[in-house]
Structures are given as C-alpha cells and as structure tokens.
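Worksheet: one structure, shown below.
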C-alpha cells in the first residue's frame with residue numbers, strides 16, 4: 047500500500063512538470079521560428095489587428111523596468127517560481143503549472159539571449175497596443191484564472 051501511494055505521488059509530480067515542459071517547448075519553438083525567420087523589428091501583417099513584429103524585450107512585462115540588470119530579474123523570477131512550485135506541489139492546482147511554464151520560458155530567454163523574444167503584435171493603424179509571446183499568454187491566463195478563483199472563494 048505504501049509503495050502504491052509513493053508511485054502515485056511520483057506520477058502526479060511527473061504530470062505537473064510535463065505540462066510545464068510542454069508550455070516551455072511550445073514557447074521555445076515559436077520564438078526560435080521568429081529568430082530564424084525574422085530580423086529584429088521586422089513586421090508582417092497577419093490580419094486586421096494581429097501581426098508579427100519581432101522585438102527584443104530587455105525589461106520585464108511590456109518592456110517595463112529596462113534599466114535594471116539581468117541578474118536582478120533572474121533573482122526575482124527564481125524567487126517567484128520557487129514560491130509557485132511550492133504552491134503547485136502543496137495545493138495540487140494545475141493553474142500554477144501554466145504560470146510556471148510561461149515564467150521558466152521567459153527566464154530561459156533572459157539567460158540565453160539576454161532579452162525576451164516578443165512577436166505577437168496587437169495594433170490598429172500602426173498604433174501598437176501590446177507585443178507579447180506565447181509564454182506571456184500562459185502567465186496572464188494563469189493569473190486571471192487564479193484571481194477569479196480567489197475572488198469566487200471570498201464571496
């Protein structure tokens with residue numbers, strides 16, 4: 047019986063990190079495609095407001111805080127991801143996997159390239175509202191769902 051419980055915990059742990067890995071892999075492949083096929087600041091219209099625009103984000107979300115050093119972000123992100131992994135393992139909530147997968151992918155970019163690759167461009171008449179990547183979508187989606195869950199619990 048004890049062996050079965052341990053195997054179940056190992057399988058659950060594997061499933062948790064499998065989803066994180068899949069998100070990382072999808073984001074990595076999409077960014078690699080952009081790097082290999084586009085020049086920096088190259089623009090390609092997809093349809094109406096959705097376009098591809100390869101930019102290098104040296105800050106954090108939305109190119110915010112670009113004046114800080116890369117190591118400052120790495121430390122902060124490591125702390126946040128460690129907290130999220132602990133929450134994921136303690137509470138066994140899948141939503142943390144989505145946030146962690148996106149976060150690890152962006153940290154990988156920061157460590158490997160020195161910047162985060164952003165390329166999904168939302169604009170209207172060349173007024174660029176936001177430029178992001180797949181990892182950012184996963185992080186935002188996870189945070190919105192988690193906030194919704196917390197709000198629902200507090201009512």
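In the numbering used here, the protein residues as written are 47 to 201.
For glycine and all other residues, C-beta sits at the position ideal for the given N, C-alpha and C.
In this chain, the beta strand (DSSP E) harbouring residue 168 covers 162 to 170. In this structure, residue 73 lies away from residue 149, with their beta-carbon atoms at least 8 Å apart. Straight across, the Cα-Cα distance linking residue 155 with residue 135 is about 25 Å. For residue 197 and residue 153, the gap between their C-alpha atoms comes out near 29 Å.
Judged by beta-carbon spacing, residue 164 lies within the 8 Å limit of residue 177, meaning their Cβ atoms are closer than that value. 147 is the residue among 174, 168 and 147 whose C-alpha sits nearest the C-alpha of residue 187.
Sequence-distant partners of residue 68 (beyond 5 residues in either direction) whose C-beta falls short of 8 Å from its own C-beta, in its chain, are 147. In this structure, the straight-line span from the alpha carbon of residue 141 to that of residue 130 is close to 10 Å. Straight-line measurement puts the Cα of residue 104 at about 19 Å from the Cα of residue 70. Residue range 180 to 199 is occupied by the alpha helix (DSSP H) that includes residue 189.
Counting other Cβ atoms within 10 Å of its Cβ, residue 87 stays below 16 and is therefore classed as exposed.
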